Amino acid sequence: MKRLSLIVAAFVAALTLLTSSLALAGEILVYTALEDDEIPIYLELFKKTHPEIDVKIVRDSTGIVTAKLLAEKDNPQADVIWGTAATSLMLCDQAGMIEPYAPKYLDKVAPAMRDPADPPHWVGIKAWMTGFVTNTKEAEALKLPIPESYADLVKPVYKDQLVMPNPASSGTGFLTISAILQLMGEEKGWEYLDKLHQNIARYTHSGSKPAKLAGSGEIPVGISFAYRGFMQKAKGEPVVTTFPKEGSGWDVEANALIKKDAVKPEAKIFLDWAISPEAMHAYGKVYPVTAYPSGNPVPEGYPKDPAAQMIKNDFNWAAANRDRILKEWSARYDGKSEPK
Amino acid sequence: MAATSPRAAAAPRLAAFDGERWLRRALILLVSFWLVCVVVLPLAQLLSKSLLNNAGQYVGLANYVEYFTTPSLRNSIGNSLFVSVVTTLITVTLGFTFAYALTRTCIPLKGVFRGVAMMPLFAPTLLNGIALIYLFGRKGLITRGFFGAIPGIDIGLYGPVGIIISEVIFTFPQAMLILSVALRMTDARLYEASDSMGAPGWRTFSTVTIPGVKYGLVSATFVSFILAFTDFGAPKVVGGQFGILATDIYKQVIGQQNFSMGAVVSVALLAPAILAFIVDRIVQRKQVSLIQAKSTPLVPRPRKWRDAPFLAFCLVIALLILGFFGVAAYASLVKVWPYELELGLWHYDFTGTGGGGYAAFWNSIRMSFYSAVIGTAVTFVSAYLVEKTNGMRALRQVSYFLSIIPLALPGLVIGLAYIFFFNARGWNILGVFTPNPFGWLYGGMGILVLSNVVHFYSVSFLTGATALKQLDKEFEMVSESLGVPFYVTFFRVTVPVCLPAILEVAMYFFVNSMATVSAVIFLYSADIPLASVAIANMDDAGDVAPACAMGVLVILTNILVRILYGALTGKLRKKTQAWTTR
């Protein structure tokens, strides 16, 4: 019996060890989809001005953060969403999870970068756009020109040399498709996508994967988000990032306040800071388009006027037609047993 | 035999016996209650969404109609079945041969082979995906013939080929584990009888060996099938455009936040588990336990003509596995793959990358330790109660069934179901608001450990049950008639005899908890970053080499723990397994 009681005791001890710690005052929980390597730089700045607030970060890719937020809907854990796709925040908003809040410095924010409601449900910090990430070594070996436009991508020379995200799995994939349909009109757009499909080696489930595959030479040209390509170049990969002449699809990375029984004042302080000139300056070091001018020169490699590169994106149209577009896309190109 | 233990409670026999019976019943009830709380209710909460639209209104079977009328979704069922069947055939054949070599032949280096065969379990699936691409992708070592040294072969990785390769690697150790437990538990007298009757080797094999491990064989088949059917880690990376159910869930839930359709696909994934249960019950009805109180252990004798080919086979498999993970280790040391092949330890300094670095690594170790201790205790005791008690048959059947269910749940489904259930404020039950009694678990170490225990429940339970099923009920009957309480028999006989299986289960929990990502990525809190989540996040941020480095650390830890455990328990094993030698 001694052994049994010992085992039971150990079991109980183990269980008590596991009980979770409760959130303390002066502490906020932030969910974000910002890149993992940027976050510490920004938090360092926040800590300088607000040492009394302890910021806890949960970082995941956009899809996972959004699914997690929506699943927690009935008992939200996060206080703030920071730097997550505006289209995702709109979904959370539809689910009634967002508390409208007008942060300090809101008057500086460009109209396209915020929710038009007053007070806004979400406020953008920066925009990200699609670009083509080409592996220069492989392109040279295969005698591929560097693509400069959507029209280039459907040329026969790129057959099986392109990779792009599956719009049914990735936000980057969807905004690229949505941009093409908006630019060319639906009928021409689908015709174009049919041709593009002939050149695609495969579709990935993540938006950053095509850039990575290009970087490792696996597939020479990746349609991905541009930032990734620049980061990879900085890490030593032989890639060059170009932008389609016709214009890029884009989305806003935005912040929002989560609706809770008791909204913490610290959450609002964080949201104020997150669009402060100081934070904007930090974002602007790597991102060309921020919610308002960051005072930085345009990062190297981007077009001179990056805002002009972005198409006139109708977010409402994209949101309203998303299901229909994805269904059509899947019927045409997805679920084929053989990868092209 | 240890069964003739001291007659501790012999005097007040009747009273003790009655109290004991109640205790046993209470324990079975407890097991059922536990399974309802951690499997049924969370799953029900998630699956009920298949009847709702995304705004939360009841729509009946509309989602199912939509599912079956959408060709890209419907086709996935056939695709999933195809890859799972092929995977199962390959895995069970390889796993059986390997397990047979380890238990029934006299080849050297059995410990090493066993350790190497378990390696695929040690690695986060993402690492498998990366290694596959580095080997078989367009720029892969094999595709390019090791930088042009030999003619390269392009196997057409992306699609069914890639999925089947990665699923075989992933399911092989699990099938091998179950089969070696089954093959180890046998009675030498049957072989002696067969021998003395002059039966040729193949005859003994087909009339003694195979029927003896039939249960293990069936379990291994279903485990392989269901794991291959539900895994999405590798298909996500190498599946190409070959749609399968598991990647469909990912697309629906993560890509489109369509929980309703995700729930419908989850239901489709559960179907084979239910089928497995039915077949399993039919086979099991005929199972006769092989280890009887009078059993003598089978000690294989060296036979050159038999041992040599088995040794060759094990060597080939071991080298393939080592080569596979060698590539991952290589990728973590190379400066910029595949352009600057300089080697160094840059990527093992995680300060420049996110994900939590070494803190995350230690958290994972802590979590895996708790999961191993708690998981092993819970699964083995449950398996014991379900297998070895009389009465309450219906309840035991239900518990058995519920123990198989987690096998069919992809981690993603467990993760989401646990958010829905354990993070709920409470429920309206018959108009009365009942607060959630388990809410405190959410957001800490508790929910992570619980999700691991449940995620890896079925294989552990089946391993325990396979070991227990092969133990003669006579042990219990003797103890009962001697008035020895069942828990005394449990600790004095059952646990020592089954110790190899119990230790395997503990290892299984530990290594899987270290490597898993799909469930915990939804459940970890800001205070507890985890190594496997860090791998996913670093890979996401384009830091593939540091991701590989963290993966290698996870593998090395698992190997180290395995070696330590082998050294520490060697003595114990010798003591408790003395009955297996003559």
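Going down the list, the sequences are from chains A and B.
Counting along the first sequence from 1, when you hit position 277 you're at 277 in this note's numbering, and nothing is skipped either side.
Counting along the second sequence from 1, when you hit position 288 you're at 288 in this note's numbering, and nothing is skipped either side.
Heads up, the beta-carbon is just placed ideally off N, CA and C, and yes, glycines get one too.
Source: prediction; values computed, not measured.
Buried/exposed call for residue 22/B, threshold 16 Cβ in 10 Å: Locating residue 22/B in the second sequence gives position 22, counting from the first residue. Around the beta carbon of residue 22/B, fewer than 16 other beta carbons lie within 10 angstroms, which makes this residue exposed.
7 Å Cβ cut-off: residues of chain A touching residue 338/B: The count along the second sequence starts at 1 and reaches residue 338/B at position 338. Within 7 Å Cβ-Cβ: 216, 217.
Contact the segment 206 to 219 of chain A vs the segment 186 to 196 of chain A: 3+ CB pairs below 8 Å: Between the segment 206 to 219 of chain A and the segment 186 to 196 of chain A, the count of Cβ pairs shorter than 8 Å is below three; the stretches do not touch.
Interfacial residues, the segment 44 to 62 of chain A to chain B, with Cβ spacing under 8 Å: Those residues of the segment 44 to 62 of chain A that come within reach of chain B (Cβ to Cβ, closer than 8 Å) are 56, 57, 58, 59, 60, 61.
Buried versus exposed call for residue 258/B [16 or more other C-beta atoms within 10 Å across all chains shown]: Position 258 of the second sequence, counting from 1, holds the residue named residue 258/B. Of the residues assessed, residue 258/B falls on the buried side of the cut-off, its CB having 16 or more other CB atoms within 10 angstroms.
Partner residues on chain B for residue 330/A, Cβ-Cβ distance less than 7 Å: Locating residue 330/A in the first sequence gives position 330, counting from the first residue. Correct list: 72.
Buried or exposed by the 16-neighbour rule on C-beta atoms within 10 Å, applied to residue 232/B: Within the second sequence, the letter at position 232 stands for residue 232/B. Around the CB of residue 232/B, 16 or more other CB atoms lie within 10 Å, so the residue is classed as buried.
Same chain only: Cβ atoms within 8 Å of residue 568/B, ignoring 5 sequence neighbours per side: Counted from its first residue, the second sequence places residue 568/B at position 568. A distance below 8 Å between beta-carbons, with the five flanking residues on each side excluded, links residue 568/B to no residue of its chain.
Against chain A: residues of the segment 404 to 428 of chain B by CB proximity under 8 Å: Residues of the segment 404 to 428 of chain B with a C-beta atom less than 8 Å from some C-beta of chain A are 416, 419, 420, 423, 424, 425, listed in chain order.
Candidates 140/B, 44/B, 549/B, 54/B: closest to residue 344/B by CA position: Residue mapping note: residue 344/B aligns to position 344 of the second sequence, counting from 1. Nearest option by C-alpha distance: 549/B.
Cutoff 8 Å: residue 138/B Cβ touching any chain A Cβ: Numbered from its first residue, the second sequence carries residue 138/B at position 138. Yes - at least one Cβ of chain A is within 8 Å of the one on residue 138/B.
Whole-number beta carbon distance between residue 296/B and residue 188/B, since they are thought to touch under 8 Å: As a first step, residue 188/B must be located in the second sequence, where it is residue number 188. As a first step, residue 296/B must be located in the second sequence, where it is residue number 296. 5 Å between Cβ atoms; contact.
Rounded straight-line distance, which links the Cα of residue 94/A to that of residue 54/B: Against the second sequence, residue 54/B aligns to sequence position 54. Against the first sequence, residue 94/A aligns to sequence position 94. When the Cα atoms are used, residue 54/B and residue 94/A turn out to be separated by approximately 10 Å.
Chain B contacts from the segment 220 to 254 of chain A (Cβ-Cβ distance under 9 Å): Within the segment 220 to 254 of chain A, the qualifying residues are 228, 231, 232, 235, 236, 237, 238.
Nearest residue (CA-CA) to residue 269/B, options 406/B, 462/B, 558/B: One-based indexing of the second sequence puts residue 269/B at position 269. Ranking the options by Cα distance to residue 269/B, first place goes to 406/B.
Short Cβ contact (8 Å threshold) for residue 554/B with residue 515/B: Position 554 of the second sequence, counting from 1, holds the residue named residue 554/B. Position 515 of the second sequence, counting from 1, holds the residue named residue 515/B. Taking 8 Å as the Cβ cut-off, residue 554/B and residue 515/B qualify as a contacting pair.
For residue 82/A, the three-state DSSP class (helix, strand or coil): Within the first sequence, residue 82/A is the residue found at index 82, counting from 1. For residue 82/A, the three-state secondary structure derived from DSSP is strand.
Cα-Cα separation, residue 459/B to residue 321/A: The sequence position of residue 459/B within the second sequence is 459, counting from 1. The sequence position of residue 321/A within the first sequence is 321, counting from 1. Their backbone Cα atoms lie some 44 Å apart in a straight line.
8 Å Cβ cutoff, residue 251/B in contact with chain A: One-based indexing of the second sequence puts residue 251/B at position 251. So yes, residue 251/B belongs to the interface.
Where the alpha helix (DSSP H) containing residue 286/A begins and where it ends: Position 286 of the first sequence, counting from 1, holds the residue named residue 286/A. Per DSSP, residue 286/A is not a residue of any alpha helix (DSSP H), being assigned neither H nor E.
Segment contact, 8 Å Cβ cut-off, at least three pairs: the segment 96 to 103 of chain A with the segment 252 to 270 of chain A: Touching, yes.
Minimum Cβ-Cβ distance from residue 197/A to chain B less than 8 Å: Residue mapping note: residue 197/A aligns to position 197 of the first sequence, counting from 1. It does not: the Cβ of residue 197/A has no partner Cβ on chain B nearer than 8 Å.
Residue-chain proximity (residue 104/A, chain B), Cβ-Cβ < 8 Å: Indexing the first sequence from 1 puts residue 104/A at position 104. Residue 104/A is outside the set of residues whose beta carbon lies under 8 Å from a beta carbon in chain B.
CB contact below 8 Å: residue 186/A versus chain B: Walking along the first sequence from the start, residue 186/A turns up at place 186. Cβ-Cβ to chain B under 8 Å: no for residue 186/A.
Enclosing alpha helix (DSSP H) for residue 136/A [first to last residue]: Here residue 136/A refers to the residue found at position 136 of the first sequence. Where residue 136/A is concerned, the enclosing alpha helix (DSSP H) stretches over 136 to 141.
Pick from 272/B, 318/B, 537/B, 229/B that is closest to residue 173/B, judged by C-alpha positions: For the purposes of this step, residue 173/B is taken as residue 173 along the second sequence, with counting starting at 1. Checking every option, the nearest Cα to that of residue 173/B belongs to 318/B.
Three-state class that DSSP yields for residue 165/A in the structure shown: Here residue 165/A refers to the residue found at position 165 when the first sequence is read from its first residue. Judged by DSSP in its simplified three-state form, residue 165/A adopts strand.
CA nearest to the CA of residue 254/A, picked from 144/A, 113/A, 333/A, 159/A: Within the first sequence, the letter at position 254 stands for residue 254/A. Comparing Cα positions, the closest option is 113/A.
Contact with chain A by residue 256/B, beta-carbon distance below 8 Å: Taking the second sequence and counting its residues from 1, one reaches residue 256/B at position 256. Yes, residue 256/B counts as interfacial toward chain A.
For residue 164/B and residue 87/B, the rounded distance between their alpha carbons: What you label residue 87/B is simply residue 87 of the second sequence in a count that begins at 1. What you label residue 164/B is simply residue 164 of the second sequence in a count that begins at 1. Their Cα atoms are separated by approximately 6 Å.
Residue environment, residue 357/B, which counts as buried when at least 16 other CB atoms sit within 10 Å: Your numbering for residue 357/B matches position 357 in the second sequence. Buried, since its Cβ has 16 or more Cβ neighbours within 10 Å.
Rounded separation between residue 183/B and residue 500/B - CA only: As a position in the second sequence, residue 183/B is number 183, starting the count at 1. As a position in the second sequence, residue 500/B is number 500, starting the count at 1. Going by the C-alpha atoms only, they are around 13 Å apart.
is_contact[residue 506/B, chain A] using C-beta, thresh 8 Å: Along the second sequence, read from residue 1 onward, the residue named residue 506/B stands at position 506. Closer than 8 Å: no.
Closest residue to residue 37/B among 226/B, 399/B, 524/B (Cα-Cα distance): Within the second sequence, numbered from 1, the residue matching residue 37/B stands at position 37. Relative to residue 37/B, the option among 226/B, 399/B, 524/B whose CA is nearest is 399/B.
Among 18/B, 108/B, 469/B, 60/B, the one whose alpha carbon lies nearest that of residue 309/B: As a first step, residue 309/B must be located in the second sequence, where it is residue number 309. Minimum Cα-Cα distance from residue 309/B among the listed residues 18/B, 108/B, 469/B, 60/B corresponds to 108/B.
Sequence-distant residues of the same chain with beta carbon closer than 7 Å to residue 246/A, five excluded per side: Working through the first sequence from its first residue, we reach residue 246/A at position 246. The answer, listed in chain order, is 149, 150, 183.
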